[in-house]
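Engineer: Mind the numbering: the sequence shown is residues 5 to 190 in my numbering, read in order.
In this text, a Cβ means the ideal position worked out from N, Cα and C, and glycines have one as well.
These figures come from a predicted structure and were not determined experimentally.
What follows is a structure written as structure tokens; I'll ask about it next.
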Amino acid sequence: MVTIRNERVSDACAREALLDAAYGDTRFAKPSHKLRDGRLPATGLSLVAVENGHIVGSVRLWHVRAGAHEALLLGPLAVDPACRNRGIGATLMQRAIRLARMRGHGAVLLVGDACYYGRFGFSAELTAGLSIAGQPDAARLLALELKPGALMSARGEIEAAGLPEREPARKIAVSRRVRASLSRAA
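Next comes the structure, spelled out in structure tokens:
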């Protein structure tokens with residue numbers, strides 16, 4: 005049975021291992037990662053899916069500015085490759101959206117496949133006047149308004165907001181890989 009819960013500090017290494025398995029190192033080069041890098045996720049909006057004591061899914065939301073509007077950026081959404089096609093990603097999405105709405109946020113943005121995220125209400129219509137530096141495909145920039153009009157006439161580049169992170173996740177991932185290679189060499 006899969007349980008969805010808030011992410012804990014102690015989940016960091018397992019989350020990074022999951023993201024490595026789902027996306028590999030290419031995730032660090034994505035324009036959306038650059039908005040998250042060095043920032044803390046929005047309070048109470050980092051979730052994990054746990055099965056038999058192991059993290060099998062993860063989603064986080066981050067504060068951004070969409071032109072003059074405050075919003076959240078969702079991502080990455082990841083599910084362990086061995087656990088895909090079981091509805092874990094959809095459950096994480098639904099819970100994250102519900103929590104963001106309950107916490108009074110107005111809109112959620114993401115970079116992703118419109119066919120997948122459209123079923124949750126995301127579309128590119130609300131992002132026509134927005135952009136992310138380095139994101140060449142405007143059709144992949146999607147939004148969902150949690151409050152009607154939250155992105156009305158939003159224009160400009162999406163920028164990082166929120167609090168800075170003390171020890172960026174990339175450092176955790178690198179230190180974990182270094183420890184793993186040292187243990188293999190021993």
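#1: Can you find the residues in the same chain that come closer than 6 Å, C-beta to C-beta, to S187, ignoring five residues on each side of it along the sequence?
#2: Note down, one range per segment and in chain order, each alpha helix (DSSP H) of at least 4 residues found wholly within the region 115–179.
#3: Ordered along the chain, which non-local residues of its own chain (more than five positions away) have a Cβ less than 8 Å from that of Y27?
#4: Could you say if the region 41–61 and the region 118–135 meet the contact criterion of at least three C-beta pairs nearer than 8 Å?
#5: Between the Cα of A154 and those of E161, G166, G108, spot the shortest distance and give me the residue it belongs to.
#6: Kindly indicate which residue of E55, D117, N56 has the alpha-carbon position closest to the one of A142.
#7: For E55, which three-state DSSP category applies?
#8: When the Cα of L39 is compared with those of L114, E11, E149, F124, which residue comes out closest?
#9: Check T7 in the structure and name its three-state DSSP category.
Structural biologist: Judging by the given coordinates:
#1: Any reading at S187 must be qualified, since the residue scores a pLDDT of 44, below 50, and its modelled position is unreliable; the value itself is stated next. Listed in chain order, the non-local C-beta contacts of S187 below 6 Å within the same chain number zero, local neighbours out to five positions each way being set aside.
#2: 118–121
#3: P80, A82
#4: no
#5: G108
#6: D117
#7: strand
#8: L114
#9: strand
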